[in-house]
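Shown next, in C-alpha cells, is the structure this report addresses.
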Amino acid sequence: MTAATARILDAARQGRAMAWVLAIMLFLTVLATAAGIGTARAAAALGQALAGRATVQIVDADPAARTAAAARVLAALRQSSAVTGATPVSRQELARLLGPWLGDAARDADLPVPALIDVDLADRADAIDRVRALAARLAPGARVDRHGDALAAVGRLLRLLTLLAAALVALMTAASAAVIVLAARSGLDAHRGTIEVMHGLGATDVQVARLFQRRIARDAALGACVGGVAGWLVVAGLGMQASGSGSQLLGGVTLGQGGWGAVIALPFAFVALAALVARRAIMRTMGRQL
Numbered sequence: 001m002t003a004a005t006a007r008i009l010d011a012a013r014q015g016r017a018m019a020w021v022l023a024i025m026l027f028l029t030v031l032a033t034a035a036g037i038g039t040a041r042a043a044a045a046l047g048q049a050l051a052g053r054a055t056v057q058i059v060d061a062d063p064a065a066r067t068a069a070a071a072r073v074l075a076a077l078r079q080s081s082a083v084t085g086a087t088p089v090s091r092q093e094l095a096r097l098l099g100p101w102l103g104d105a106a107r108d109a110d111l112p113v114p115a116l117i118d119v120d121l122a123d124r125a126d127a128i129d130r131v132r133a134l135a136a137r138l139a140p141g142a143r144v145d146r147h148g149d150a151l152a153a154v155g156r157l158l159r160l161l162t163l164l165a166a167a168l169v170a171l172m173t174a175a176s177a178a179v180i181v182l183a184a185r186s187g188l189d190a191h192r193g194t195i196e197v198m199h200g201l202g203a204t205d206v207q208v209a210r211l212f213q214r215r216i217a218r219d220a221a222l223g224a225c226v227g228g229v230a231g232w233l234v235v236a237g238l239g240m241q242a243s244g245s246g247s248q249l250l251g252g253v254t255l256g257q258g259g260w261g262a263v264i265a266l267p268f269a270f271v272a273l274a275a276l277v278a279r280r281a282i283m284r285t286m287g288r289q290l
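Under UniProt numbering, the first residue of the sequence shown carries the number 1, and numbering increases by one thereafter.
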C-alpha cells in the first residue's frame, strides 16, 4: 500500500471528530484513575495511622479525684504489656481542641473537662480488651475509644469512592472502544467503493485493515496527547492543593510513584487499545460485508 492510497482513505476525515471525543474520554479516565488511586492510598494511610491507637477518657466531677484516677490509669498503662506507649493530653491541648466550639470559655480553669490519655496499643488481638479492663478497674466509668472505630465510616466511604472510580474507568474504557468501533465502521462505509477497487487491484483485507488501523491510531494519538496532558495538569494541580491544605486526610490523597506511573502510562495504553480495537472491528466488518 502506497502513501497515496493512504491519503485517499483519509480524505473524508470523518475520523477527526473521533480524536476530540477520545480526548475528552481520556481526560475523564485520567481524572477517575487518579481519584481512585488517591482515595485508595488515603484509605490505607488513614487505616495505618489509626491502627493500634486508642484514647482513655476519665470523667469525674471532682477535679482532684479525676486527676488521681488519671494518674493511676496512666501508670498502669505504662506498665501493661498490652500498651507500647501512653501519653496524657495536656489541659492546653484540650482547650485548643474545644476552642472552635466553646471560644474563650475553653481556657477557663474551672471548666470541667475529662482527662484524656492517648494510648498506643501493642500488636496483639486482646490489647484493646485488656486496656478497657484495666481502665474499668482503676477508674470506674472510664471510657476507652479506639480511633479506628471512630473513623470507620470515613474509611468505608473512601473504599466506596475507590470502587466507584474503578467502575468509571471501566465504563469510559468501554465507551471509548465503542467510539472506535463506530469510527472504523463509518470509515469502511464511506470508502466502500475505494476498497472494492483496491481489492480488484490485488490488495488483501489485512493490507486495507492496516491502513484504517494506522489512521485511527493516529487520530487516537492526537486525542491522547490533548486529553492526557490536560488530565496530568489537572491532577498535578489538585495534588498541590491537597498537599498544601494542612489536612491530614487530604494530605494522604496522593498518587505516589506507582500511581503517577499508571496515570502517565494511560495515554499510551489508550492508543494501543484504539489500534487493537480498530483492527479487530475492521477485519470483522470486512469479513461480513465486503
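For every residue, glycine included, the Cβ atom is placed at its ideal position computed from N, Cα and C.
Item	Value
Work out the CA separation of GLY52 and ASP123 for me, nearest whole Å.	7 angstroms
What residue range does the beta strand (DSSP E) around THR67 cover?	Per DSSP, THR67 belongs to no beta strand (DSSP E); it is in the alpha helix (DSSP H), 63 to 79.
Measure how close the beta-carbons of residue 326 and ALA69 come, nearest whole angstrom, since I'm counting them as under 8 angstroms.	The displayed coordinates of the chain run from 1 to 290. Any statement about residue 326 would go beyond what the structure contains.
Here's a check: name, in chain order, each residue in its chain whose Cβ is nearer than 8 angstroms to the Cβ of VAL179, leaving out the five neighbours to either side.	MET18, VAL21, LEU22 and MET25
So ARG137 is in the alpha helix (DSSP H); what residue range does that whole segment cover?	127 to 138
Could you give the distance in angstroms between the alpha-carbon of GLY99 and the alpha-carbon of THR29?	43 angstroms
Compare the C-alpha of SER80 against each of ALA105, ALA42, PRO112 and VAL131 and name the closest.	VAL131
Since ALA278 and ALA184 are thought to touch, with beta carbons under 8 angstroms apart, how far apart are those beta carbons, to the nearest angstrom?	5 angstroms
In whole angstroms, give me the CA-to-CA distance for GLN92 and ALA86.	18 angstroms
Using 8 angstroms as the cut-off, classify the Cβ of SER176 as near or not near the heavy atoms of the ligand PLP, replying yes or no.	Absent from the structure shown: the ligand PLP. Ligands present: none.
Among all the DSSP beta bridges, which residues are the ones paired with ARG107?	BP columns for ARG107 are empty, so no partner.
Is it right to say ARG60 is buried, meaning 16 or more other beta carbons lie within 10 angstroms of its own, or is it exposed?	Note that residue 60 is Asp in the sequence shown here, rather than Arg. By the neighbour-count rule (16 or more Cβ atoms within 10 Å), ASP60 is buried.
Verify whether the separation of the beta carbon atoms of LEU77 and VAL56 is less than 9 angstroms.	yes
Taking just the CA atoms, how far does ARG214 sit from GLY227?	20 angstroms
I need the boundaries of the beta strand (DSSP E) containing GLY85, first residue and last residue.	83 to 88
Measure the Cβ-Cβ separation of ALA82 and LEU134 and say whether it is below 9 angstroms.	yes
Spatial neighbours of ALA11 within its chain, please: C-beta separation below 7 angstroms, excluding the five flanking residues on both sides.	Legend: pLDDT at ALA11 = 45, less than 50; position of this residue unreliable, value from coordinates given subsequently. No residues qualify anywhere along the chain.
Compare the Cα-Cα distances from SER90 to each of ARG41, VAL113 and ALA165 and report the closest residue.	VAL113
What separation, rounded to the nearest whole angstrom, lies between the Cα atoms of LEU164 and ARG156?	12 angstroms
Going by DSSP in three states, ARG279 sits in which element: helix, strand or coil?	helix
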